[in-house]
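Enquirer: Structure below; questions to follow.
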Amino acid sequence: MSAGAVGRAYPRLEGREKVTGTARYAVEYPTDGVTYGWVVPADVVRGRITRVDADEALASPGVLAVLHHGNAPRMAPGPAAELRLLQDPMVHYRGQFVAVVVATSLEAAREGAQLVRMEYDAGPHTTVLTADHPGLYRPDHVNPHYPTDTAEGDFDAGYAAAPVRVDATYRTPAYHNSPMEPHATTARWDDGRLLVHDSNQGTASVQATLAELFELPRESVRVVAEHVGGGFGSKGFTKAAVVLTALAARHVDRPVKLALTRQQLFGPIGYRTPTIQRVRLACDADGRLTAVCHDAISQTSTIREFAEQTAVYTRSMYAAPHRRTTHRLARLDVPTPFWMRAPGECPGAYGLESAMDELAIAAGIDPVELRIRNDPRVDPDQGEAFTSRNLVACLREGAQRFGWTGRDPTPRARRDGRWLIGTGVAASAYPARARPSSATVTARPDGTFLLRINATDIGNGGRTAMWQVAADALGVPPERVEIRIGDSDLPEAPVAGGSMGTASWSWAVIRACEALRGKLRDGAPTDTEVTAGADTSEEVAGQPARPRYAYGAQFVEVRVDADTGEVRLNRLLGVFAAGRVVNPTTARSQLIGGMTMGLSMALHEEGVLDERYGDWVNHDLATYHITGCADVESIEAYWLDERDDELNPAGVKGIGEIGIVGTAAAVANAVHHATGVRIRELPIRLDKLVGVSGLA
Ligand code: MOS
0 MSAGAVGRAY PRLEGREKVT GTARYAVEYP TDGVTYGWVV PADVVRGRIT
50 RVDADEALAS PGVLAVLHHG NAPRMAPGPA AELRLLQDPM VHYRGQFVAV
100 VVATSLEAAR EGAQLVRMEY DAGPHTTVLT ADHPGLYRPD HVNPHYPTDT
150 AEGDFDAGYA AAPVRVDATY RTPAYHNSPM EPHATTARWD DGRLLVHDSN
200 QGTASVQATL AELFELPRES VRVVAEHVGG GFGSKGFTKA AVVLTALAAR
250 HVDRPVKLAL TRQQLFGPIG YRTPTIQRVR LACDADGRLT AVCHDAISQT
300 STIREFAEQT AVYTRSMYAA PHRRTTHRLA RLDVPTPFWM RAPGECPGAY
350 GLESAMDELA IAAGIDPVEL RIRNDPRVDP DQGEAFTSRN LVACLREGAQ
400 RFGWTGRDPT PRARRDGRWL IGTGVAASAY PARARPSSAT VTARPDGTFL
450 LRINATDIGN GGRTAMWQVA ADALGVPPER VEIRIGDSDL PEAPVAGGSM
500 GTASWSWAVI RACEALRGKL RDGAPTDTEV TAGADTSEEV AGQPARPRYA
550 YGAQFVEVRV DADTGEVRLN RLLGVFAAGR VVNPTTARSQ LIGGMTMGLS
600 MALHEEGVLD ERYGDWVNHD LATYHITGCA DVESIEAYWL DERDDELNPA
650 GVKGIGEIGI VGTAAAVANA VHHATGVRIR ELPIRLDKLV GVSGLA
C-alpha cells in the first residue's frame, strides 16, 4: 500500500447528508401506498393466548388488519425460534410481540393496537437470576464457540497455599441497548420478491434468515441498510421488527413501515444478561499470581440458549499455574439476552479487573505494577505466543499521561472540600478477529473507481474507512474512489460486529484492488470498465491460529461528594494498542464512545426487574438512566503506533469494543480509592456509598 489516505483524519463521507437530514434510514424511504405497523406486546409472562378479539381494532378508522397467531402467514421453522413470531399461541416472556396492527397511518395503527384484546392462560414464572437458582445448568459451550469450563493445575490447592488471596463476588444487572435509531423496517413484496429497508448491522444474515423463514431463494430477498443509527450488537442478527414487517406486508399486500418505540427496545430486542461472578485470585508476596478462578453465572430464555462468555476474558489475561473458569446458565421466562458492546469481555473485565485491584491492595502492590508483573508473553489459555501484546505499553503510557506515579494508595487520603478524590485503573483486552468477505472494484475509463462491498456503516465510520483503504490499495487519491455499501445485492461481507468489520472488509477490499491493478498491469483495456473481485474465505480460513487481541488501559479520577455520595469523574483516560488506525477522527470517537458506555454502566445503567411483574419496570430513557456530559469533565483516548503484520493486510485489530471493556472496573476502583467503599454490584449509586462507611 502506498502511504496516503490510511491514517488521515477524514470526516465521514456521509456526514453532510446526516447533519442536513437527507441521509435515509430504514423507515425514511418514500414508498408509494405505504401502510404502518404497530406491535402489540404480551401482557403475561408465560402462558398461552386463549382468545384474540380484534373486532374493535378492525372497526377503528384506518385499520387494515390485525395479524396474530390465528391468521398470520406461516413461516418455515427458522434458525432461531424467537423469530417465528405470530406462529403459535405460546407466550415465553412479557412483552413478546403477539400481534401487529396495520393501518393507513401511524396514528391509526397505534390506536388500533390499543384496542386489540387478548386473553391468556398464564402459568407461574421465574425471571430473576440468583446464584442458587434451581434451574442453573452447564451449557455445552459458550459464545461464540468457547469451551464452557477450563482448568489447569490445581486451583483449590494453589489458592489454599497462597499468602495473599481475594475471594469476591461481583454482580452486574441487565443492560439495554438503545440505539438512536430503533429497530425499524420498511418491507414490500413485488412478484414474490421481498425488498426490505432495515436497520441492522449486516444485511447478509438478515437476507439469509428471511429467505429461510419465507421459503424463498436468497436472491428473491433484498435487504438494504444504507445508513444505520447505531446497534451496539442489538442489530447484529435478524430481529423481530424485520420479520414482523415482512409478514405484515405479505398479509396486507402493501408496503409496511414498522419502527419499534423506545420502550419496546427494552427486552424484546435482547439485552446484556445480568451476571453473578465469583472471582478468586491468589498471589505470592511479590504479586505473582499463583491461582486464578472465575465462576460466572448468567441467564438465557426458555426459547433459545444464549450463553455469554463472561469468564473467557480471564483465560488469556494474566498467567498463573493454577487456573479455572466456569460458566453456568439459568433458563428464565425472559427475552433471550443478546450481544451488547463487548459481550462477555465487558462484564467479565468488571469482575476480574476489580478483583485485581482488590489483590493489589491485599498485596501492597501498585495496581499498574501488579498487572505488569503478571503480563504473559504466551497466551495462558492457548499456549501460543500472542501476535502482539502491548498491554504493558498501554499501562505505562497511560500512567505517564495520567500522572499516576507517586499515587498514595491509601483510600480516602485525598480531599477537596466536600469531595473525596480517588484514582483507579483497569486493563482491557478484546479479540482481534476477521471473517471471510468479498468485494469488487471497477476501474472506469474516466480514471475513477467504484468499490462495491456489502459492509454496513452503523454510524461508526466504516464506509469512510473502506474508502481510505481502497484508495491506498489502488494507489490513487481517495477522491477518485466511489463506494457502495449496505445492500445485499452487493458482494457478500460479514456483519459490523465483534470489532471485526474493518479487519474483515479491508482484507477483501485490498485483495480486490490488487487483483484490479494486476488486470490493468496485464494490459486490460482502459477505454471500458474493468472489474476485479476478491473473496477471502480461503485466506482467512488458512490463517495460523495465533492469539490476537487489542489491548487497552483506562485510568479514572473520580470525586465523590462526602455528604451525598454523588460521583463525578474529573478524568477518564484510555490508551489502546489496536493495530493500525485507519482514521483518527472516527477511531477516537469509537474509543471515547466505548469508554462513555462503560462509564454509563459504572454509574447509571440498570434494568430493574420485578419478579411479580416478570419484566423490567424501567423501560424508557426517563427511568433507565444513561450517562450525560455532566458525569465527566474530560475524556481522552490515545493509541500506540502498533504494527502487527500477522493480523490482516490492513494491519487493524478493531476498535469498536475495546474502549468499554475495563472502564466500569476502573471507575469502581477509583471510587474505592476515593471512599474506601468497594462496590461489587453495579451501578455505583449514591445509596450504596452513603452510610456504608460513614461517608456522610
Ligand atoms: Mo458488537 S456487541 O459485536 O455488535
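Its first residue numbered 0, the sequence shown is counted upward by one per residue in numbering that gives the first Met the number 0.
Backbone N, C-alpha and C define an ideal beta-carbon position, used for all residues, glycine too.
(1) So, for R323: in the same chain, excluding its five sequence neighbours on each side, which residues have a beta-carbon less than 6 Å away from its beta-carbon?
(2) Please report how far the alpha carbon of E680 lies from the alpha carbon of A348, in whole angstroms.
(3) Could you tell me if Q206 is buried or exposed, where buried requires 16 or more neighbouring beta carbons within 10 angstroms of its beta carbon?
(4) Let me make sure I understand the geometry here. Which of G191, D197, Y174 has the alpha-carbon closest to that of T185?
(5) So, does the region 523-538 touch the region 407-427, judging by three or more C-beta pairs under 8 Å?
(6) Out of P336, S436, E641, which has the shortest C-alpha to C-alpha gap to R547?
(7) Who are the near neighbours of E225 in its chain, counting only those whose CB is closer than 6 Å to its CB and skipping five residues on each side?
(8) Since L128 and P342 are thought to touch, with beta carbons under 8 Å apart, how far apart are those beta carbons, to the nearest angstrom?
(9) Please confirm whether any heavy atom of the ligand MOS lies closer than 8 Å to the CB of G461.
(10) CB L571 to CB Q542, shorter than 9 Å?
(11) Should R547 be counted as a contact of the ligand MOS given a C-beta to heavy atom distance under 8 Å?
(12) Closer than 6 Å by C-beta to A53: which residues in its own chain qualify, once you throw out the five before and the five after it? Chain order, please.
(13) Measuring only the C-alpha atoms, how far is K518 from C512?
(14) Could you check what DSSP says for N176 in three-state terms: helix, strand or coil?
(15) Can you find the residues in the same chain that come closer than 6 Å, C-beta to C-beta, to D148, ignoring five residues on each side of it along the sequence?
(16) Any heavy atom of the ligand MOS closer than 8 Å to the beta-carbon of G496?
(17) Which whole-angstrom value describes the C-beta separation of V251 and L63, a residue pair presumed to lie in contact below a C-beta threshold of 8 Å?
(18) Would you identify the three-state DSSP class for W403, choosing helix, strand or coil?
(19) With H, G and I counted as helix, E and B as strand and the rest as coil, what does DSSP make of S427?
(20) Quick check on F575: does DSSP put it in helix, strand or coil?
(21) If I measure Cβ to Cβ from C345 and keep anything under 6 Å in the same chain, skipping five residues before and after, which residues do I get?
(22) Less than 8 Å between the CB of P342 and some heavy atom of the ligand MOS, yes or no?
(23) Return the chain-ordered list of same chain residues with a C-beta closer than 7 Å to the C-beta of I364, the five sequence neighbours on each side being excluded.
(24) Could you give the residue range of the alpha helix (DSSP H) that holds I457?
(25) Report the residue ranges of all beta strand (DSSP E) runs contained in full by the region 233-264; include only those spanning at least 3 residues, in chain order.
(26) Please name the residue in A629, I654, V557 whose C-alpha comes closest to that of A665.
(27) What is the residue span of the alpha helix (DSSP H) that L57 lies within?
(28) Considering only the alpha carbon of each residue, which of P435, T422, D332, M316 lies closest to R702?
(29) For the alpha helix (DSSP H) that A71 lies in, which residues bound it at each end?
(30) Spatial neighbours of G650 within its chain, please: CB distance less than 8 Å, with the 5 preceding and 5 following residues excluded, ordered by chain position.
(31) Hey, would you say the C-beta of W338 is under 8 Å away from at least one heavy atom of the ligand MOS?
(32) Spatial neighbours of A56 within its chain, please: CB distance less than 7 Å, with the 5 preceding and 5 following residues excluded, ordered by chain position.
(33) Start and end of the beta strand (DSSP E) containing M117?
(34) May I have the straight-line CA-CA distance separating R483 from R451, to the nearest angstrom?
(35) Go ahead and label D332 buried or exposed: buried means 16 or more other beta carbons lie within 10 angstroms of its beta carbon, across all protein chains shown.
(36) DSSP beta-bridge partners for Q276?
Expert: On the basis of the data shown:
(1) Here residue 323 refers to the residue found at position 324 when the sequence shown is read from its first residue. Here the set comprises A150, F154, C292.
(2) If you number the sequence shown from 1, residue 680 lands on position 681. If you number the sequence shown from 1, residue 348 lands on position 349. Distance between the alpha carbons of E680 and A348 is about 13 Å.
(3) Translated into positions along the sequence shown, residue 206 becomes position 207. Buried.
(4) Along the sequence shown, read from residue 1 onward, the residue named residue 185 stands at position 186. Closest by alpha carbon: D197.
(5) no
(6) For the purposes of this step, residue 547 is identified with residue 548 of the sequence shown, where counting begins at 1. Minimum Cα distance to R547 is reached at E641.
(7) Counting from 1 along the sequence shown, the entry for residue 225 is found at position 226. Answer for E225: G485, listed in chain order.
(8) The residue labelled residue 128 in the question sits at position 129 within the sequence shown. The residue labelled residue 342 in the question sits at position 343 within the sequence shown. That belief does not hold up - the Cβ atoms of L128 and P342 are roughly 16 Å apart, past 8 Å.
(9) Position 462 of the sequence shown, counted from the first residue, corresponds to residue 461. Outside the cutoff, so no.
(10) Within the sequence shown, residue 571 is the residue found at index 572, counting from 1. Within the sequence shown, residue 542 is the residue found at index 543, counting from 1. Against a cut-off of 9 Å, the Cβ pair of Q542 and L571 comes out as no contact.
(11) To locate residue 547, count along the sequence shown from 1; it is residue 548. Checking every heavy atom of the ligand MOS against the Cβ of R547, none is found closer than 8 Å.
(12) Residue 53 sits at position 54 when you count from the first residue of the sequence shown. Correct list, in chain order: V65, V115.
(13) What you label residue 518 is simply residue 519 of the sequence shown in a count that begins at 1. What you label residue 512 is simply residue 513 of the sequence shown in a count that begins at 1. About 10 Å.
(14) For the purposes of this step, residue 176 is identified with residue 177 of the sequence shown, where counting begins at 1. N176: coil per DSSP, three-state reduction.
(15) Looking up residue 148 in the sequence shown gives position 149. Here the set comprises T325.
(16) Your numbering for residue 496 matches position 497 in the sequence shown. It does: the Cβ of G496 is within 8 Å (strictly closer) of some heavy atom of the ligand MOS.
(17) The sequence position of residue 251 within the sequence shown is 252, counting from 1. The sequence position of residue 63 within the sequence shown is 64, counting from 1. Indeed, because the Cβ distance is near 5 Å, the residues count as touching under 8 Å.
(18) The residue you call residue 403 lines up with position 404 of the sequence shown. Residue state, collapsed to three classes: coil.
(19) Locating residue 427 in the sequence shown gives position 428, where the first residue counts as 1. Strand.
(20) The residue you call residue 575 lines up with position 576 of the sequence shown. In this structure, F575 counts as strand in the three-state DSSP scheme.
(21) If you number the sequence shown from 1, residue 345 lands on position 346. So the list reads I659, V660, once near-sequence residues are dropped.
(22) Translated into the one-based positions of the sequence shown, residue 342 becomes position 343. Yes.
(23) Taking the first residue of the sequence shown as position 1, residue 364 is located at position 365. Cβ neighbours of I364 beyond the five flanking positions: G286.
(24) Looking up residue 457 in the sequence shown gives position 458. I457 -> no alpha helix (DSSP H), and no H or E assigned at all.
(25) 255-258
(26) By one-based count along the sequence shown, residue 665 stands at place 666. Of A629, I654, V557, the residue nearest in Cα terms is V557.
(27) On the sequence shown, position 58 is the one that residue 57 refers to. From DSSP, the alpha helix (DSSP H) with L57 extends over 54-58.
(28) Outside the shown range of the chain (0 to 695) lies residue 702, about which nothing can therefore be said.
(29) Here residue 71 corresponds to residue number 72 of the sequence shown, with the count starting at 1. From DSSP, A71 is part of no alpha helix (DSSP H); its letter is neither H nor E.
(30) In the sequence shown, residue 650 corresponds to position 651, counting from 1. Answer for G650: G578, R579, R642, D643, D644, listed in chain order.
(31) The sequence position of residue 338 within the sequence shown is 339, counting from 1. It does: the Cβ of W338 is within 8 Å (strictly closer) of some heavy atom of the ligand MOS.
(32) As a working note, residue 56 is residue 57 in the sequence shown. V62, V65, V100, G111, L114, V115, listed in sequence order.
(33) Within the sequence shown, the letter at position 118 stands for residue 117. Taken as a continuous stretch (DSSP letters only), the beta strand (DSSP E) holding M117 covers 116-121.
(34) Translated into positions along the sequence shown, residue 483 becomes position 484. Translated into positions along the sequence shown, residue 451 becomes position 452. If I take the Cα positions, the gap works out to 5 Å.
(35) The residue labelled residue 332 in the question sits at position 333 within the sequence shown. With 16 or more Cβ atoms within 10 Å of its Cβ, D332 is classed as buried.
(36) To locate residue 276, count along the sequence shown from 1; it is residue 277. Paired residues: Y169, A295.
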